[in-house]
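Chains as they are written, first to last, in our numbering: chain A, 16 to 190; chain B, 4 to 194; chain C, 812 to 1033. We put the CB at the ideal spot given by N, CA and C, even for glycine. As the structure is a prediction and not an experimental result, all values here were calculated from the model. Please read the structure below before turning to the comments.
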Amino acid sequence: MKKLPYPAYLALFLGILGIISAGLLAGINILTAPAIKANEEKKLAEQLKVIEVESPKILEVELLENVQNAYEGLYSGKEVYVFNVQNKNQYLTIQTLVVITKEDGKILNISVGLPATNPPGIGGSFEGVKFGLIDATQEDYDSKFVKVTGATISSNSVKACVKLAFDQYKVIKEA
Amino acid sequence: MANLITLAFGALLIENVLLYRFLGFCPFLGVSKKRSSAVGMGLAVIVVIVLATIVTWALYHYVLKPLDIVYLQTLTFILVIAALVQMVEMFLKKVVPPLYRSLGIYLPLITTNCAVLGVASLVIAYEYDFLSMLIFSFFSSVGFFLVLYIFSGLREAMEQAPIPKPFKGTPIALIATAALALIFARLGGII
Amino acid sequence: MKVNQKQNFLKGLIKENPVFVFVLGICSTLAVTTSLESGIGMSLAVIFVLFFSNVVISLIKNIIPNDIRIPVFIIVITTFVSVVELIMQAYLPDLYDQLGVFVALIAVNCIILGRAEAFASKNNVLSSAIDALGMGLGYTIAICLVSIVREVLGTGLITIWGNAKINLMPIFDFFHVKPSAFFTSNVGAFIVLGIVIGIVNAIVFAVKDKKEKIKKEVKANG
């Protein structure tokens, strides 16, 4: 072993150490992965509770880009789709949950989430989002002027999320 | 475009790496005693942070995520940073020896600077794209340099002041930093 | 050279307290002390990493080539940090969200690298393990002290874990004052830490001076 040239010995030592570390971490990762996944699902179930959707089930469909998840569930007895849509611009990442009826594509509820790490001052109140958009369908959205209160950067993001949710609904309907 | 300007201002002043995010404090207390060492350290940090963030960002998006080995993020990021600092050291030694000598021990110390790993990790956590990542890392590191320089000037003055013995050194430095943080916090009203 | 393990352990608490005396790990102290809960969580993570990295480095100290000892320390330390990260994400997700990027930053926490270089690479496994525990406990004391001050002055509550809180508002009401969010803000962090270190220094100096005085008197009396 000592016959190796010195730099090669150093590199070998570091390499073996690195492999041992990576192996250990891979092992721990395999052990903890199910728990981590369960936590994420719990978080989403909590979020879905916020928009009053019961018995959510994951929907296996082709998702458009920036649609994170699709679920189906019950909202006040009606069958609905729930789309977890993300919109990213340079400064803001918005996660919205849009509840759309299966039958006629109306928005029944919407919840907007900002990542906790956002800087202050960006993004206004999102209360207006709900009231402006409830019962709106794709046609309403396209034709009527939907006012979303809040700072411009964030309201544009919310509008983009809603549009994407409608598009995803169309994709499912036409499939 | 407006988003990028807000991002730049945020990283530089309002969410300053040192005063708001508390990153890079250990070397800060040690290096800021003289203005000349502050300048050297600050410039080196800017170079390392920007380079390291670019490389680690690419590493995450093109290697770690596609291969689903995200759990190796911290390990690989630190090794990239250590290697980069080593390379910057060798480059300076060969090309600009006087600068290398004046930086002295501060250069290898940048490896353990929370700010470098911090900015690299934040860029991933915030899910920035390439341009935002560049702006964020550059202006964050410039913010570090700015505060470091201002503070070294303050400290040179504080050396002369009559400060009670228990508060000499670290405590008074922290309290002075609080004053600086207060000023920077008020700047948030500009945007 | 027989090492007094009791001394070895106790030194990390006060005389060589990593935060108050060595002034290491300040970044994390400022950031996680907004509530006692995150302070305790962070301390546990740091003790875990410090303990295992000290032990492992002490075990392999004789085969580490000297030129690459810092990268080797870093790899060992970071591995345990990543282990903590994964465990936290799986079993303590709320704590992980609170601490954020600072869990990963334990890897560059000057305390851990400092102990590896100054102690673990030069002492046997038992001493290194006990040193780690002592230093870890010292860090915990420092963090919890600052956390309690900041959280009480900032919100009037002490959050021990999750929903277990101690409500100190009655004391505030008694003095007709209100807790101020200033202390949990970043400016408050600097001021509280600065004042706490100043006060600790004052106490330590006073005790030292008294000990010197007593020594002198004993000498004079012969």
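Return no unless some Cβ of chain C is closer than 7 Å to the Cβ of residue i.
i       : result
G136(A) : Here the model assigns G136(A) a pLDDT of 38, short of 50, so the residue's position is not dependable and the matter cannot be decided.
L192(A) : Here chain A has residues from 16 to 190 only, and residue 192(A) is not among them.
T47(A)  : yes
A50(A)  : yes
A123(B) : no
F28(B)  : yes
A184(B) : yes
T56(B)  : no
N133(A) : Summary for N133(A): the model assigns pLDDT 43, below 50, so the residue's position carries little reliability; its value from the coordinates is reported in the next sentence. Closer than 7 Å: no.
A85(B)  : yes
Exposed or buried, what is residue i when buried is set at 16 or more other beta-carbons lying within 10 Å of its beta-carbon?
i        : result
L46(A)   : exposed
F891(C)  : buried
I923(C)  : buried
I1014(C) : exposed
G973(C)  : exposed
F148(B)  : buried
M44(B)   : buried
G38(A)   : exposed
D942(C)  : buried
A180(A)  : buried
A1017(C) : exposed
S140(A)  : A caution first: S140(A) carries a pLDDT of 45, below 50, which makes its placement in the model too unreliable to give a value.
K159(A)  : The predicted position of K159(A) is uncertain, since its pLDDT is 49 and thus under 50; no value can be drawn from it.
M136(B)  : buried
N124(A)  : buried
N920(C)  : buried
G1005(C) : buried
A60(A)   : exposed
G836(C)  : buried
G1009(C) : buried
G13(B)   : buried
Look at the alpha carbon of residue i and the alpha carbon of residue j, and state the distance between them as a whole number of angstroms.
i        : j        : result
P876(C)  : F863(C)  : 20 Å
E75(A)   : V97(A)   : 12 Å
A123(B)  : T59(B)   : 7 Å
P20(A)   : A86(B)   : 21 Å
R880(C)  : V50(B)   : 25 Å
V48(B)   : V119(B)  : 8 Å
V195(B)  : Y65(B)   : The requested residue 195(B) is not part of the displayed model; chain B covers only 4 to 194.
L903(C)  : K1022(C) : 45 Å
G165(A)  : A175(A)  : For G165(A), the predicted model reports a pLDDT of 49, less than 50, meaning its position is unreliable; a value from the coordinates is still stated below. Going from the Cα of G165(A) to the Cα of A175(A) covers about 14 Å.
K1019(C) : E1028(C) : 14 Å
F80(B)   : I885(C)  : 11 Å
S938(C)  : K826(C)  : 17 Å
E928(C)  : I1025(C) : 36 Å
N935(C)  : V91(B)   : 35 Å
Y24(A)   : N865(C)  : 24 Å
C29(B)   : V834(C)  : 8 Å
Measure how close the beta-carbons of residue i and residue j come, nearest whole angstrom, since I'm counting them as under 8 Å.
i       : j        : result
N102(A) : N81(A)   : 7 Å
L7(B)   : G146(B)  : That pair is no contact at about 16 Å.
V883(C) : V867(C)  : Their Cβ separation, rounded to whole angstroms, is 10 Å, which puts V883(C) and V867(C) out of contact at 8 Å.
T180(B) : F1001(C) : 5 Å
A953(C) : V830(C)  : 4 Å
C117(B) : L26(B)   : 5 Å
I959(C) : L968(C)  : Not a contact, Cβ separation roughly 11 Å.
I66(A)  : L112(A)  : 5 Å
V127(A) : I109(A)  : 6 Å
Taking only beta-carbon positions, decide if residue i is within less than 7 Å of chain A.
i       : result
E130(B) : yes
S869(C) : no
Y152(B) : no
A901(C) : yes
I886(C) : yes
S893(C) : yes
N19(B)  : no
Counting only beta-carbon atoms, is residue i nearer than 7 Å to chain B?
i        : result
L63(A)   : no
T111(A)  : no
L40(A)   : yes
N44(A)   : yes
N104(A)  : yes
I898(C)  : no
T116(A)  : no
G1048(C) : Summary: the structure shown does not reach residue 1048(C), with chain C confined to residues 812 through 1033, and so no result is reported for it.
Every unbroken beta strand (DSSP E) inside the region 39-120 of chain A [3 residues or more]: 69-73, 82-90, 93-103, 108-116
Any alpha helix (DSSP H) of 4 or more consecutive residues that is wholly inside the region 958-1015 of chain C: 980-985
Unbroken stretches of the alpha helix (DSSP H), 4 residues or longer, contained in the region 838-920 of chain C: 847-871, 880-902, 904-910, 912-915
Segments assigned alpha helix (DSSP H), at least 4 residues, entirely inside the region 32-81 of chain B: 38-62
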